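Counted the way the UniProt record's numbering counts, the sequence shown spans residues 1 to 278.
Glycine included, each C-beta is placed from N, C-alpha and C at the ideal position.
Small disclaimer: the values here were computed from a predicted structure and weren't measured.
The structure under discussion appears below in the form of structure tokens.
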Amino acid sequence: MSVLVVGASGAVGGAVVTGLMARGVEVRASSRTPEKLALPSEVQVFAADLNEPASFAAALESVDRVFLYADLAEPEALIAAFAAAGVRHVVLLSSSAVTFPGAAEDFNGSRFIRVERAIEASGAAYTFLRPGGFASNAARWSWGVRSESAVPLPYPEAVQAPIHEQDIADVAVIALTGDDLIGKAPVLTGPERLTLRQQVDTIGAVIGRPVAVIEQTEEESTAMLSRYLPEVWVRQIVKDWREAVGATPSISSEYERITGRPSRTFRSWVEDHADLFR
Ligand SMILES: NC(=O)c1ccc[n+]([C@@H]2O[C@H](COP(=O)([O-])OP(=O)(O)OC[C@H]3O[C@@H](n4cnc5c(N)ncnc54)[C@H](OP(=O)(O)O)[C@@H]3O)[C@@H](O)[C@H]2O)c1
Numbered sequence: 001m002s003v004l005v006v007g008a009s010g011a012v013g014g015a016v017v018t019g020l021m022a023r024g025v026e027v028r029a030s031s032r033t034p035e036k037l038a039l040p041s042e043v044q045v046f047a048a049d050l051n052e053p054a055s056f057a058a059a060l061e062s063v064d065r066v067f068l069y070a071d072l073a074e075p076e077a078l079i080a081a082f083a084a085a086g087v088r089h090v091v092l093l094s095s096s097a098v099t100f101p102g103a104a105e106d107f108n109g110s111r112f113i114r115v116e117r118a119i120e121a122s123g124a125a126y127t128f129l130r131p132g133g134f135a136s137n138a139a140r141w142s143w144g145v146r147s148e149s150a151v152p153l154p155y156p157e158a159v160q161a162p163i164h165e166q167d168i169a170d171v172a173v174i175a176l177t178g179d180d181l182i183g184k185a186p187v188l189t190g191p192e193r194l195t196l197r198q199q200v201d202t203i204g205a206v207i208g209r210p211v212a213v214i215e216q217t218e219e220e221s222t223a224m225l226s227r228y229l230p231e232v233w234v235r236q237i238v239k240d241w242r243e244a245v246g247a248t249p250s251i252s253s254e255y256e257r258i259t260g261r262p263s264r265t266f267r268s269w270v271e272d273h274a275d276l277f278r
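Dropping the structure here:
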């Protein structure tokens with residue numbers, strides 16, 4: 001039996017493929033554009049789109065477990081296809097947004113809730129990984145850091161506990177290679193609370209030159225983000241920053257409990273991705 005990693009081109013999905021291979025697991029990988037994947041030849045690669053359940057038919061043959069992204073419109077049909085193909089366990093990259101008050105009415109929380117519910121209703125075993133904000137969101141600042149040594153922000157004092165994508169992948173690999181995390185839904189965060197300003201300062205410290213924060217109004221930030229992100233995401237990002245000013249987000253110890261290792265710091269994420277900012 002093998003494991004299918006959906007979204008093998010993704011930051012988390014790619015790290016899951018690597019982690020499974022290191023454990024000697026037979027891995028299959030899927031992408032909407034598999035020709036772009038650069039994976040070792042022993043990984044069988046398939047073209048599949050989460051919004052076209054039938055496209056998974058070949059990829060699912062003899063697959064026992066699936067690592068899944070939640071970026072899909074009609075989860076019920078896809079999960080039914082998994083069940084029909086005999087998938088025993090689905091490990092979903094969900095979000096801590098599902099645990100927030102009012103999540104069912106929130107654009108971001110509700111889309112993950114819908115996928116979680118579809119998996120629960122299918123009767124398949126599940127693990128829902130519920131990370132908070134990713135450290136990789138700072139990659140959006142790379143252009144400003146490289147070109148102007150500056151990051152424009154409307155709420156630099158917003159507080160987050162950013163998580164390294166490798167930490168999420170580590171937990172996914174444990175979930176996909178044993179039964180201990182079946183039925184579990186760990187909330188995963190980074191190990192420390194940092195304001196956006198402190199994250200910018202950390203980038204400067206790692207690349208060896210100061211990076212300034214340029215304070216923007218919410219309107220300026222919205223207009224800037226709208227150049228490369230859909231409006232619904234721009235609204236969500238700015239709202240999350242606004243609400244995070246002065247917040248004390250919970251720090252989860254789940255990564256350490258599950259893996260036996262301390263979770264990775266934001267600084268380690270910047271060090272791992274320093275070329276983005278140089
Ligand atoms: N950013 C945050 O703070 C945060 C917090 C909590 C949860 N999340 C969730 O984490 C995920 C992002 O993780 P990441 O950084 O690893 O993402 P990423 O690097 O942007 O990769 C996204 C992956 O999803 C796959 N994908 C997207 N739509 C697909 C579709 N229709 N069919 C098949 N595959 C599809 C892509 O595959 P192909 O393009 O190769 O097909 C790609 O491999 C999102 O679901 C996001 O909502 C993010």
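Does the distance between the C-beta of residue i and the nearest non-hydrogen atom of ligand 1 fall short of 7 Å?
i           : result
residue 106 : no
residue 173 : no
residue 165 : yes
residue 134 : yes
residue 93  : yes
residue 181 : no
residue 69  : yes
residue 13  : yes
residue 131 : yes
residue 33  : yes
residue 50  : yes
residue 8   : yes
residue 72  : yes
Exposed or buried, which one is residue i when buried takes at least 16 other CB atoms within 10 Å?
i           : result
residue 228 : exposed
residue 147 : exposed
residue 274 : exposed
residue 154 : buried
residue 8   : buried
residue 226 : exposed
residue 248 : exposed
residue 141 : buried
residue 214 : exposed
residue 132 : buried
Considering Cα atoms alone, identify which of the options is closest to residue i.
i           : options               : result
residue 178 : 88, 72 and 55         : 88
residue 176 : 108, 68, 234 and 117  : 68
residue 66  : 55, 72 and 79         : 79
residue 193 : 61, 216, 2 and 265    : 265
residue 138 : 235, 278 and 270      : 270
residue 241 : 230, 196, 219 and 225 : 196
residue 245 : 210, 158 and 185      : 158
residue 75  : 210, 34 and 118       : 118
residue 238 : 152, 83, 103 and 256  : 152
residue 188 : 167, 205 and 48       : 167
residue 169 : 150, 105 and 91       : 91
residue 34  : 23, 14 and 24         : 14
Checking 8 Å against the spacing of the C-beta atoms, do residue i and residue j come in under that value?
i           : j           : result
residue 50  : residue 93  : no
residue 98  : residue 120 : no
residue 259 : residue 181 : no
residue 107 : residue 232 : yes
residue 165 : residue 11  : yes
residue 63  : residue 27  : no
residue 234 : residue 222 : yes
residue 123 : residue 73  : no
residue 207 : residue 278 : yes
residue 162 : residue 199 : yes
Tell me, to the nearest whole angstrom, how far the beta carbon of residue i is from that of residue j; I am working on the premise that it is less than 8 Å.
i           : j           : result
residue 173 : residue 20  : 6 Å
residue 256 : residue 262 : 6 Å
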